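Asker: Residue numbers (this note's numbering): 106 to 241.
From the three backbone atoms N, C-alpha and C, an ideal C-beta is built for every residue, glycine too.
The structure presented is a predicted model; accordingly, all values stated were derived computationally and were not measured.
Structure below; questions to follow.
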Amino acid sequence: MDASVLAKIFLEEDGKEEVYSLMEMKMKGEVTVLATPLLIYELLNVLSNTFKDFDKVHEVYERFKKFQISLIDPDDKFVSDATKDSCENRTVSYYDASYHALARDMDAVFITADERYYDAMKGKGSVVLFSGTGGG
């Protein structure tokens with residue numbers, strides 16, 4: 106998953122219940138949740154810009170760490186695939202493409218709430234749009 110999905114829990118956005126349920130399943134060992142190390146930076150950026158309060162951001166970051174999401178460092182294939190995707194489609198950032206490349210590399214599914222990214226890249230497979238209404 107990317108930060109657009111995970112942040113829903115901490116920002117009290119629509120879909121937070123579904124994300125929290127997914128994280129509960131992860132904590133029980135029922136599913137595996139992977140991300141690139143970018144997840145931390147993107148999440149902290151969103152939280153800092155939203156809360157603008159060190160103590161609040163630190164508190165939320167401590168909650169995030171309890172999820173123990175596996176952060177996978179990029180290898181050459183991962184970097185190559187993400188770079189290719191972002192170069193071939195001008196609406197796709199390398200950051201978003203890296204999550205998607207990881208999913209394809211790990212034979213997993215990339216969950217994003219970024220509709221623009223999803224629309225641009227759904228033809229590449231291994232990506233689903235998180236709708237926050239129980240359907241995505």
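Out of curiosity, what's the CA-to-CA distance linking Y204 and D158?
Answerer: Their Cα atoms are separated by approximately 28 Å.
Asker: With the cut-off set at 9 Å, would you say L144 and D107 are in Cβ contact?
Answerer: Their beta carbons are under 9 Å apart, which means L144 touches D107 by this criterion.
Asker: On the DSSP letters alone, give me the boundaries of the beta strand (DSSP E) that L148 sits inside.
Answerer: Careful: L148 lies outside any beta strand (DSSP E), inside the alpha helix (DSSP H) at 143–156.
Asker: Check the C-beta distance from R209 over to S191 and give it rounded, since I have them as a contact under 8 Å.
Answerer: Between S191 and R209 the Cβ distance is about 14 Å, and since that is not below 8 Å, they are no contact.
Asker: Give the C-beta separation of V162 and L149 to the nearest angstrom, bearing in mind that I take them to be a contact with Cβ-Cβ under 8 Å.
Answerer: About 7 Å; that satisfies the 8 Å criterion.
Asker: Our contact map puts V110 next to F235 with C-beta atoms below 8 Å; I'd like the distance itself, whole angstroms only.
Answerer: With a Cβ gap of about 5 Å, V110 and F235 count as contacting.
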